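In terms of the working numbering, the sequence shown opens at residue 389 and continues consecutively.
Glycine included, every Cβ here is placed at the ideal spot set by N, Cα and C.
Quantities reported herein were computed from a predicted structural model and do not represent experimental measurements.
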Amino acid sequence: MLFNHIGYYSLVLGLIASVLIFFLSLKSYKLKTIDQRIFLISSLQLFFVLISFTSLIICFITSDFSNETVFNNSHTNKPIFYKISGTWGNHEGSLLLWLLVLTLFLFLFLINSKNELKRYRILTVTFQQIIIIGFFIFVLTTSNPFNFLFPIPIEGLGLNPILQDPALAIHPPILYVGYVGSSLIFSATLAAVIENYISKDWAKNIKIWILISWIFLTIGIMVGSIWAYYELGWGGFWFWDPVENVSLMPWFCLTALLHCVLVLEKRELLKSWTIILSIATFTLSMCGTFLVRSGILNSVHTFANDPTRGIFILCFLFFLITVSLIIFFIFNKEKQKDYTKIHFFSKEVSIIVNNWFLMYFLSVVLIGTLYPIFLEVLTDHKISVGPPFYNKLIIPFLIFFLLFMSVGPNLKWIKEKNITNKFQLITLFFISLIISFLIFIKIGKTNLINTFLIAASLYLFMVTIKDFFSKELHNFSKKISHFGFSLLILSILINGVFSSEAIFNLKVGEKFTFKNEKIFFKSLVKKEKENYQSVIAHFIIEDYKKNISLFKPELRIYDQPLVVTSEADIKTTLFKDEFLVMNKIKGNEYFNVRYQVKPFMIWIWISTMLLAIGGILSLYNRLYEK
């Protein structure tokens, strides 16, 4: 109970600190000097929010059911690890974590920006404080994690068992760093626009924050994808779930922004486009917050079902977007004639074209996510947008995107008279095309789109490998990221084109034949665990070479709350995953069984990590140079 009060009043003190920083920054901007108290109060602000978050963790650990958040999301029998992770595995706790990351980013910016323009620095603090104050008000008025319950319940309702997983324990914090990082990019961009500071020097500094946000968002999406793969029983790494989509959209924007800032740094071009992408990235991050917390989306990720909360975020987002657009149109001073410096065959053009592709992919995902929402509001008709929609609109353009990505890094800045290693690029293109055709002829498939798609991805993969053997030793981080992306796309496409699946009903003692494999349901074993009952099935799978594998998919029956989850058994090798999951059919002794063979699954995770590692190396180089 004590820590419940400490947590609440620490939040109030944090809000007071935010208001003080805001007014001090306005005063400093007018006087053109930085009030040293800003740094001190910012430290106190971070300290108060940290105390508040720590207090909530202690409430969860001690099962303090006088706290409504703890009561709704925990119980005494829950393992300690999930008591701690349950702190942010709910709406109120996740927003408190969000607020903590917001204040941390501001504190780090104040430390890292001592050598930058004073007025720019002050304005960045001002805009960031507007966002922080908005979230403080949001948390304290609509999402207070320290609401008091009386009489005090004896036991809590428990945490959703789906959320009781090590991967999901780290997934939200990592993802939030990526989301919240966009707020600082947003604030710094608006400040730079007002101060006419959009320049090469600014690009070098802002790239650090873009990289941080991009790295964490990449890793966060990957961890969430891994969790969904083995926990939800869907048998794949991406399902175009609406909340998956709202994390992918800012990633598209951040990727485009990262390359756009590169052009700004090298050639001092694309200033307006950089500003727009910075605003768009933050907007999409906030939209994701609105959609997840409004109850609009029907998703396993959804934290809340309270329209009031969603309306607050929507109004706050509308205010921020309006302010940012006004600033953009009034203060942006980029000259249109600067674009005459861009030549068609140059690295600048390749980056612009790739940005267009990324924005198109973003638009497809945005429409696919929001259209069902607007349709339901206007007509009360519910629909779901699935993979066929995205595949039809994305795949044809993906081929050209991959081809542009293959050629772009081999172009020079300003103007390219002769493409580097032109003969090698042409040779690799035809090799990849031949290999792709041979593969599809071998397996007896003649889908032309898939053939060219695999060929384009294989071409990009070969080109990125070639780049490692070039005489240019610099930009190693870029080469790692590009190689990781090429391997990721190739792995995803091979996985999508060549996967196989069988869904059938079996009872103990029965067999099922799938292609050249025999699946035998041998037995069931029941076990008592710490906070659930386990039903483990034993399946024996024999392939055409008489090799035998034992699969042990599991059903877990939780008491608090009463939920049944399916745990897949996955056999992972270097080139394929075998995936088996089961669900009980009510009213009889049969189980619904899903068996899948998924090629190159492990390479999807490896390539994503390579993508992030490239970003980490680039960040290290930037910090080292600074």
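Margin query: Does the contact criterion of 3 or more C-beta pairs under 8 Å hold for the region 464-477 versus the region 921-929?
Written below: no
Notebook entry, point to check: Which residues in the same chain have their Cβ closer than 6 Å to the Cβ of glutamate 480, if we skip the five residues on either side of it in sequence?
Noted result: To locate residue 480, count along the sequence shown from 1; it is residue 92. Correct list, in chain order: Thr457, Ser531 and Pro533.
Check: Below 7 Å between beta carbons: does that hold for glycine 569 and valine 634?
Finding: Translated into positions along the sequence shown, residue 569 becomes position 181. Translated into positions along the sequence shown, residue 634 becomes position 246. Pairing glycine 569 with valine 634 gives a Cβ-Cβ distance that is not under 7 Å.
Notebook entry, point to check: Is tyrosine 508 buried or exposed, if buried means 16 or more other CB atoms sit within 10 Å of its CB?
Noted result: Here residue 508 corresponds to residue number 120 of the sequence shown, with the count starting at 1. The residue in question, tyrosine 508, is buried, as its Cβ has 16 or more Cβ neighbours within 10 Å.
Next item on the list: Please state if the CB of alanine 576 and the CB of isoleucine 594 are separated by a distance shorter than 7 Å.
Entry: Here residue 594 refers to the residue found at position 206 of the sequence shown. Here residue 576 refers to the residue found at position 188 of the sequence shown. Yes; because the gap between Cβ atoms is below 7 Å, this pair is in contact.
Next item on the list: Pull up the DSSP beta-bridge partners for aspartate 965, would you.
Entry: Here residue 965 is taken as the residue at index 577 of the sequence shown, counted from 1. DSSP output for aspartate 965 lists Thr960 and Lys986 as bridge partner(s).
Next item on the list: With DSSP as the reference, label histidine 926 as helix, strand or coil.
Entry: Residue numbering aside, residue 926 sits at position 538 when the sequence shown is read from its first letter. Of the three classes helix, strand and coil, the one that applies to histidine 926 here is strand, per DSSP.
Next item on the list: Would you decide whether proline 784 is buried or exposed? Buried here means 16 or more other CB atoms lie within 10 Å of its CB.
Entry: Numbered from its first residue, the sequence shown carries residue 784 at position 396. With fewer than 16 Cβ atoms within 10 Å of its Cβ, proline 784 is classed as exposed.
Margin query: So if DSSP puts glutamate 889 in a beta bridge, which residue, or which two residues, is it bridged to?
Written below: Stepping through the sequence shown from its first residue, residue 889 is reached at position 501. DSSP output for glutamate 889 lists Gln984 as bridge partner(s).
Next item on the list: For isoleucine 992, I'd like the list of residues in its chain whose CB is within less than 7 Å of its CB, leaving aside the five on either flank, ordered along the chain.
Entry: Against the sequence shown, residue 992 aligns to sequence position 604. If we look at isoleucine 992 and ignore the five residues flanking it on each side, its Cβ neighbours are Phe625, Leu876, Ser879, Ile880 and Asn883.
Note to self: I'd like the list of long-range same chain contacts for leucine 333, defined as Cβ closer than 7 Å, with 5 residues on each side in sequence excluded.
What the structure shows: Since the displayed the chain opens at 389 and closes at 1014, residue 333 lies outside it and no answer follows.
Notebook entry, point to check: Residues in its own chain within less than 7 Å of tyrosine 759 by CB, not counting five upstream and five downstream?
Noted result: Taking the first residue of the sequence shown as position 1, residue 759 is located at position 371. Cβ within range, chain order: Val773.
Notebook entry, point to check: Can valine 649 and leucine 657 be called in contact, C-beta distance under 7 Å?
Noted result: As a working note, residue 649 is residue 261 in the sequence shown. As a working note, residue 657 is residue 269 in the sequence shown. It is not a contact, given that the beta carbons lie outside the stated cut-off.
Notebook entry, point to check: Looking at the structure shown, is serine 398 part of a helix, part of a strand, or coil, going by DSSP?
Noted result: In the sequence shown, residue 398 corresponds to position 10, counting from 1. Helix.
Check: Which of the three DSSP states, helix, strand or coil, is assigned to lysine 972?
Finding: Your numbering for residue 972 matches position 584 in the sequence shown. Strand.
Item checked: Own chain residues within Cβ distance below 6 Å of leucine 1018, not counting five before or after -> The question about residue 1018 has no answer here: the residues shown for the chain are numbered 389 through 1014.
Next item on the list: Output yes or no for whether 7 Å exceeds the beta carbon distance between tyrosine 748 and serine 794.
Entry: Walking along the sequence shown from the start, residue 748 turns up at place 360. Walking along the sequence shown from the start, residue 794 turns up at place 406. Not closer than 7 Å, so no.
Notebook entry, point to check: Using DSSP with H/G/I as helix, E/B as strand and the rest coil, what is phenylalanine 704?
Noted result: Along the sequence shown, one-based indexing puts residue 704 at 316. Phenylalanine 704: helix per DSSP, three-state reduction.
Next item on the list: State the Cα-Cα distance for the pair lysine 903 and glutamate 889, rounded to the nearest angstrom.
Entry: By 1-based counting over the sequence shown, the position of residue 903 is 515. By 1-based counting over the sequence shown, the position of residue 889 is 501. About 10 Å.
Notebook entry, point to check: DSSP state of valine 688, grouped into three classes?
Noted result: Position 300 of the sequence shown, counting from 1, holds the residue named residue 688. With a pLDDT of 49 at valine 688, under the threshold of 50, the predicted position of this residue should be treated as unreliable, and no value is reported.
Item checked: Cβ-Cβ separation, threonine 512 to phenylalanine 497 (assumed contact under 8 Å), whole Å -> In the sequence shown, counting from the first residue as 1, residue 497 sits at position 109. In the sequence shown, counting from the first residue as 1, residue 512 sits at position 124. With a Cβ gap of about 7 Å, phenylalanine 497 and threonine 512 count as contacting.
Notebook entry, point to check: Which value, in whole angstroms, describes the spacing of the CA atoms of leucine 894 and lysine 940?
Noted result: By 1-based counting over the sequence shown, the position of residue 894 is 506. By 1-based counting over the sequence shown, the position of residue 940 is 552. Approximately 15 Å between the Cα atoms of the pair.
Item checked: Residue span of the alpha helix (DSSP H) that contains threonine 953, given as start and end -> Locating residue 953 in the sequence shown gives position 565, where the first residue counts as 1. Threonine 953 -> not in any alpha helix (DSSP H); beta strand (DSSP E) instead, spanning 951-955.
Note to self: Between the region 445-464 and the region 535-542, can you find at least three pairs of beta-carbon atoms closer than 8 Å?
What the structure shows: yes
Margin query: Do leucine 483 and valine 527 have their beta-carbon atoms positioned less than 7 Å apart in this structure?
Written below: Counted from its first residue, the sequence shown places residue 527 at position 139. Counted from its first residue, the sequence shown places residue 483 at position 95. Contact flag set, yes.
Next item on the list: May I have the straight-line CA-CA distance separating tyrosine 567 from lysine 959, to the nearest angstrom?
Entry: As a position in the sequence shown, residue 567 is number 179, starting the count at 1. As a position in the sequence shown, residue 959 is number 571, starting the count at 1. Approximately 34 Å between the Cα atoms of the pair.
Item checked: Alpha-carbon spacing of leucine 739 relative to histidine 870, whole angstroms -> What you label residue 739 is simply residue 351 of the sequence shown in a count that begins at 1. What you label residue 870 is simply residue 482 of the sequence shown in a count that begins at 1. The sequence as given places isoleucine at residue 739; leucine does not occur at that position. The straight-line gap from Cα to Cα measures roughly 13 Å.
Next item on the list: Answer yes or no: the CB of phenylalanine 604 versus the heavy atoms of the ligand SAM, is any distance below 6 Å?
Entry: The model on display carries no ligand, and the ligand SAM is accordingly not part of it.
Next item on the list: Specify the secondary structure class of glutamine 424 as computed by DSSP and reduced to three states.
Entry: Here residue 424 is taken as the residue at index 36 of the sequence shown, counted from 1. Here glutamine 424 sits in coil by DSSP.
Notebook entry, point to check: From threonine 643 to tryptophan 597, what does the alpha carbon distance come to, in whole angstroms?
Noted result: Here residue 643 refers to the residue found at position 255 when the sequence shown is read from its first residue. Here residue 597 refers to the residue found at position 209 when the sequence shown is read from its first residue. C-alpha separation (whole angstroms): 13 Å.
Checklist line | Collapsed DSSP secondary structure at lysine 725 in the structure displayed | finding: To locate residue 725, count along the sequence shown from 1; it is residue 337. Note that lysine 725 scores a pLDDT of 47, beneath 50, so its modelled location is shaky; the value from the coordinates is reported in the next line. Three-state DSSP puts lysine 725 in a helix.
Next item on the list: Please go through the same chain and pick out, in chain order, the residues whose beta-carbon is closer than 8 Å to the beta-carbon of histidine 647, but skip the five residues on each side of it.
Entry: Looking up residue 647 in the sequence shown gives position 259. For histidine 647, where only same-chain residues beyond five positions count, the Cβ hits under 8 Å are Ile739, Asn742 and Asn743.
Notebook entry, point to check: Excluding the five sequence neighbours on either side, which residues of its own chain have a C-beta within less than 8 Å of the C-beta of phenylalanine 719, listed in chain order?
Noted result: Residue mapping note: residue 719 aligns to position 331 of the sequence shown, counting from 1. Counting only Cβ-Cβ distances below 8 Å, and skipping sequence neighbours, we find Val581, Ile582 and Asn584.
Notebook entry, point to check: In terms of residues, what are the limits of the beta strand (DSSP E) holding threonine 901?
Noted result: Along the sequence shown, one-based indexing puts residue 901 at 513. Where threonine 901 is concerned, the enclosing beta strand (DSSP E) stretches over 899-902.
Note to self: Using 8 Å as the cut-off, can you tell me whether the region 498-505 makes contact with the region 398-410, which would need three or more C-beta pairs spanning the two stretches below that distance?
What the structure shows: The answer is no - the region 398-410 does not touch the region 498-505, with fewer than three Cβ pairs under 8 Å.
Next item on the list: Report the option in Val981, Arg1010, Pro776 and Leu912 whose CA atom is closest to the CA atom of phenylalanine 627.
Entry: On the sequence shown, position 239 is the one that residue 627 refers to. Among Val981, Arg1010, Pro776 and Leu912, the Cα nearest to that of phenylalanine 627 is on Pro776.
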